[in-house]
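Notes follow once the structure below has been shown.
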Amino acid sequence: MNQPLAYVHPSAKIADTVVIEPFTTIHKNVEIGEGTWIGSNVTIMEGARIGKNCRIFPGAVISAIPQDLKFEGEDTTAEVGDGTIIRECVTINRGTKAAGKTVVGKHCLLQAYSHIAHDCIVGDHAIIVNGCAMAGHVEVGEYAIIGGLSAVQQFTKIGAHAFVGGGSLVRKDVPPFVKAAKEPISYAGINSIGLRRRGFDNDKINEIQNIYRILFQKNYNVSQATEIIEADFEATKERDEILTFIRNSQQGIMKGFSLTKNAG
């Protein structure tokens, strides 16, 4: 462990192979796994649990207390999975008593200046692009991508393999496997490019696309669409994941596809 000109609290549990660059501060009640590299001027505060082989770039602040006036100093954590990359000036707040922890999964990429608020859950392999701001209790599924400068409202859910366009205001839940964009946030097709990159074949992509045609392009309400999907489509992992997501949505799902009419 290299720590010239860095401060590491004596009670912090740091694996021997962790590299800590100068001017970094690591507080008490912190655990960091083997092979992790921590750049200069990083602040890792009480309650951080950082996995193996992570890379944390200068200016990041991990496990600061929540920006939530209901927080009363309870013992909570901010957890970062193995292999995750945290770029410059990212902030990850620890949890509140509501959930007890904020979680970022394995092999994620949190790009510069993004913010993960208290009690958020970010799934494995997710990418949060530059300047994205996530409010408290947001859930992001595995392999999801949230475009740069997007803002995600508290308690919102973004499904696995979804792609949210840059600059989006996400006030409604975004189901799995889709692209979402526009204002207000709306269906923009399925994330076919991302799905192909992750090994989904054409038959599976067509199945997902046909499901979302029923939901977003046939003028059914959500209850009608889910009944038709359940009746007309064979039970598969993807069909059931979509139906479960929609039925469990507390915020309501985003709008369907629509063409903007020109004024005049």
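The sequence shown: position 60 = 60 (the UniProt record's numbering), numbered continuously.
Backbone N, C-alpha and C define an ideal beta-carbon position, used for all residues, glycine too.
Let's see if you can read the secondary structure: which residues bound the beta strand (DSSP E) around residue i?
{"i": "TYR220", "result": "Here TYR220 belongs to no beta strand (DSSP E), and DSSP marks it neither H nor E."}
{"i": "residue 315", "result": "Absent from the model: residue 315. The displayed extent of the chain is 1 to 264, so no value can be given."}
{"i": "THR77", "result": "77-80"}
{"i": "LEU50", "result": "Sequence check: residue 50 is Ile here, not Leu. Looking at the DSSP string, the run of the beta strand (DSSP E) that includes ILE50 is 48-50."}
{"i": "SER63", "result": "61-64"}
{"i": "LYS179", "result": "178-181"}
Would you mind working out which of the options sits nearest residue i, comparing C-alpha positions?
{"i": "ILE62", "options": "TYR113, GLN224, GLN209, GLN217", "result": "TYR113"}
{"i": "THR17", "options": "TYR7, ILE38, ILE228, GLY81", "result": "ILE38"}
{"i": "GLU238", "options": "GLN250, ALA126, ILE208", "result": "ILE208"}
{"i": "GLY73", "options": "LYS101, VAL164, GLN3, HIS161", "result": "LYS101"}
{"i": "GLY35", "options": "ASN210, ILE20, LYS52", "result": "LYS52"}
{"i": "PRO58", "options": "ARG94, ILE44, PHE155", "result": "ILE44"}
{"i": "ILE253", "options": "GLU230, PHE233, THR226, GLU234", "result": "THR226"}
{"i": "ARG94", "options": "ASP75, ASP124, VAL8", "result": "ASP75"}
{"i": "LYS106", "options": "VAL129, ALA98, GLY141, CYS89", "result": "GLY141"}
{"i": "GLU139", "options": "ALA231, ALA6, GLY159", "result": "GLY159"}
{"i": "LEU69", "options": "THR91, GLY47, LYS97, ILE92", "result": "LYS97"}
{"i": "GLN67", "options": "ASN248, ILE228, GLN154, LYS255", "result": "GLN154"}
{"i": "ASP119", "options": "THR156, CYS89, ALA151", "result": "THR156"}
{"i": "VAL90", "options": "GLN111, GLY148, GLN3, GLY47", "result": "GLN111"}
{"i": "SER249", "options": "ASP173, ILE50, VAL152, ALA180", "result": "ASP173"}
{"i": "LEU149", "options": "PHE163, ASN130, ILE92", "result": "ASN130"}
{"i": "SER192", "options": "ASP201, PRO184, ILE185", "result": "ASP201"}
What residue does the alpha helix (DSSP H) around residue i start on, and which one ends it?
{"i": "ASN248", "result": "237-248"}
{"i": "ARG94", "result": "Unbroken run through ARG94: none, as it is neither H nor E."}
{"i": "ILE193", "result": "192-197"}
What is the rounded straight-line gap between the Cα of residue i and the Cα of residue j?
{"i": "ALA12", "j": "PHE245", "result": "39 angstroms"}
{"i": "PRO176", "j": "GLY194", "result": "12 angstroms"}
{"i": "PRO22", "j": "ASN41", "result": "7 angstroms"}
{"i": "THR25", "j": "ALA135", "result": "26 angstroms"}
{"i": "ILE214", "j": "ILE190", "result": "13 angstroms"}
{"i": "VAL103", "j": "TYR220", "result": "36 angstroms"}
{"i": "ASP124", "j": "PHE233", "result": "28 angstroms"}
{"i": "LEU169", "j": "ILE146", "result": "11 angstroms"}
{"i": "ASN210", "j": "LYS28", "result": "52 angstroms"}
{"i": "ILE242", "j": "ALA60", "result": "35 angstroms"}
{"i": "GLY264", "j": "LYS182", "result": "The predicted model places GLY264 with a pLDDT of 35, which falls under 50 and marks its position as unreliable; any figure quoted below should be read in that light. Whole-angstrom Cα-Cα distance: 21 angstroms."}
{"i": "GLN217", "j": "ILE86", "result": "38 angstroms"}
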